[in-house]
Amino acid sequence: MSTTDTLTATPAREAPRRRTRRGHQDTERGFSRVFRWISTTAGVVLLAALAAVAIFLLLRGWAALTAPSSRLVDEGVLPNGVTSLAAYVGPLIFGTLLVAALALVLATPVAVGIALFVSHYAPRRIAGAVGFVIDLLAAIPSVVFGLWGARTLSPVIAPLWEKIAGLLSLLPGVTVESTPTGRSLATTSLVLAIMILPIITAVSREVFKQTPRLHEEAALALGATRWEVVRTAVLPFGRSGVISAAMLGLGRALGETMAVLMILSPGLGFSLNIFGAGKHQTIAANIAAKFPESSGLAVNTLIATGLALFVITMAVNMVARWIVARRKEFSGAN
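So the number in this note's numbering is just where the residue sits in the sequence shown, counting from 1, plus 70.
Shown next as structure tokens:
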């Protein structure tokens with residue numbers, strides 16, 4: 071074959087290859103467009119669902135929000151002694167925030183400690199076993215936690231609450247009551263702390279595992295101990311992730327229903343006594359307790375309290391995102 075024939079044959083062989091590559095590129099572009107459309111649709115559906123929930127709560131709760139207080143009292147919507155919707159919702163918001171905050175305070179240090187142990191201290195077998203137990207704990211239904219808290223934990227821990235209340239009452243001007251049944255806000259917060267522990271632990275564990283190996287090796291090369299490595303490299307890197315994990319746990323605690331309903335002895339008030347009975351109630355537990363026997367304006371009132379819980383949850387998440395954004399610039403990740 072001459073040189074002229076070779077040059078003539080080469081474009082002929084290259085043409086099918088170019089068509090194949092072009093077809094492959096067109097297929098990839100088609101998949102990319104489909105994936106972009108699916109992703110956009112998923113985001114729009116999520117926002118639409120959130121907006122639909124907000125609109126439903128606002129429309130169904132509007133009758134209670136705009137009704138005169140006298141009508142709410144006359145129709146028996148409000149409990150005895152409560153004269154306005156604000157006086158009804160206020161203690162519920164207070165109880166919800168208090169029980170969730172206490173649960174978060176109890177759970178976060180323990181969860182961070184477990185996450186550090188699993189990711190940086192424990193041998194692989196022990197770390198795997200602890201991780202399995204934590205994941206298994208997350209799979210237990212809340213009603214099981216409620217039964218355990220009401221029937222087992224409450225009577226067992228009641229003497230401890232009585233001793234703590236007695237010690238606090240020794241302070242000048244302080245009187246703390248304790249219920250012998252143990253069905254108090256303190257017990258409820260303890261159970262909620264156990265319930266949100268797997269969430270905070272799992273997220274924190276994965277965040278700590280993402281710490282750059284070079285950061286840890288550099289600290290060790292400078293003569294740092296294991297704890298100093300954790301303090302100077304791991305914790306700064308994972309600070310924003312731990313905050314996000316804590317906010318996820320807080321969101322779970324704010325909306326928890328069955329465990330609170332089964333453990334807490336309900337009452338409307340702004341008391342800081344977490345060991346007494348009949349002093350607190352949460353929004354979610356109040357809705358679950360009263361919704362089956364409610365009708366008319368009473369249902370609208372419960373939905374209005376649900377709107378308050380929705381706003382609180384949204385506000386907590388917005389504040390959490392703001393905190394995480396502020397802390398990222400100071401974290402070891404940057």
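Backbone N, C-alpha and C define an ideal beta-carbon position, used for all residues, glycine too. Keep in mind the model is a prediction, meaning the values are calculated, not measured.
Judging by CA-CA distance, which residue of T375, P138 and G219 is the nearest neighbour of I163? T375
What separation, rounded to the nearest whole angstrom, lies between the Cα atoms of T257 and L377? 27 Å
Give the DSSP-derived three-state secondary structure of P282 in the structure shown. coil
Run the CB neighbour count on F340, radius 10 Å, all protein chains shown included, and call it buried at 16 or more, exposed below. That one is exposed.
Buried or exposed: S140, going by 16 or more other Cβ atoms within 10 Å of its Cβ? exposed
Which partner residues of A138 appear in the DSSP bridge assignment? Reading the sequence as shown, one finds Pro at residue 138 and not Ala. BP columns for P138 are empty, so no partner.
Between the Cα of W132 and those of R106, A323 and L367, spot the shortest distance and give me the residue it belongs to. Ranked by Cα distance from W132, the options R106, A323 and L367 are led by L367.
Cβ shell of A121 (< 6 Å), same chain only, five flanking positions each side left out: none
Please state whether DSSP places P161 in a helix, a strand or coil. helix
Taking the alpha-carbon positions, what's the V304 to I204 distance? Their backbone Cα atoms lie some 21 Å apart in a straight line.
Among W231, L284, H190 and Q280, the one whose alpha carbon lies nearest that of W297: H190
When burial is assigned at 16 or more other CB atoms within 10 Å of the CB, is T153 buried or exposed? exposed
Can you tell me whether P336 is helix, strand or coil according to DSSP? The three-state secondary structure of P336, taken from DSSP, is strand.
Own chain partners of P138 with C-beta closer than 7 Å, once the 5 adjacent residues on each side are dropped: Closer than 7 Å at Cβ, skipping near neighbours: no residue.
Got a sec? Which residues, its chain only, sit under 6 Å from V330 by beta carbon, not counting five neighbours each side? T258, T352 and A355
K349 - containing alpha helix (DSSP H), residue span: Counting along the chain, K349 falls outside any alpha helix (DSSP H), and DSSP gives it neither H nor E.
To which residues of the same chain is A177 closer than 7 Å at the C-beta, ignoring the five residues directly before and after it? A263, I266, L267, I270 and G319
In whole angstroms, give me the CA-to-CA distance for A157 and A185. 42 Å
Inter-residue spacing [alpha-carbon to alpha-carbon] between I357 and L142: 17 Å
Please identify the residue among A359, T251 and V213 whose C-alpha is closest to the C-alpha of L223. T251
Give the single residue among G325, S310 and L148 whose Cα lies nearest to the Cα of A170. G325
What span of residues does the alpha helix (DSSP H) with A323 cover, start to end? L305 to G325
Taking DSSP as the reference, what is the three-state secondary structure of N404? A caution first: N404 carries a pLDDT of 48, below 50, which makes its placement in the model unreliable, though a value can still be read off. Here N404 sits in coil by DSSP.
Would you mind sorting F101 into buried or exposed? The rule is 16 or more other CB atoms within 10 Å of its CB. By the neighbour-count rule (16 or more Cβ atoms within 10 Å), F101 is not buried but exposed.
Just mark W392 as buried or exposed, buried being the case when its beta carbon has 16 or more other beta carbons within 10 Å. Flag for W392 reads exposed.
Give the single residue among V246, V182, P149 and A199 whose Cα lies nearest to the Cα of A316. V182
Counting along the chain, where does the alpha helix (DSSP H) carrying I204 start and finish? R194 to A208
In chain order, what residues of the same chain lie with their CB nearer than 6 Å to the CB of H285, ignoring the 5 residues before and after it? Taken in chain order, the residues that qualify are A303.
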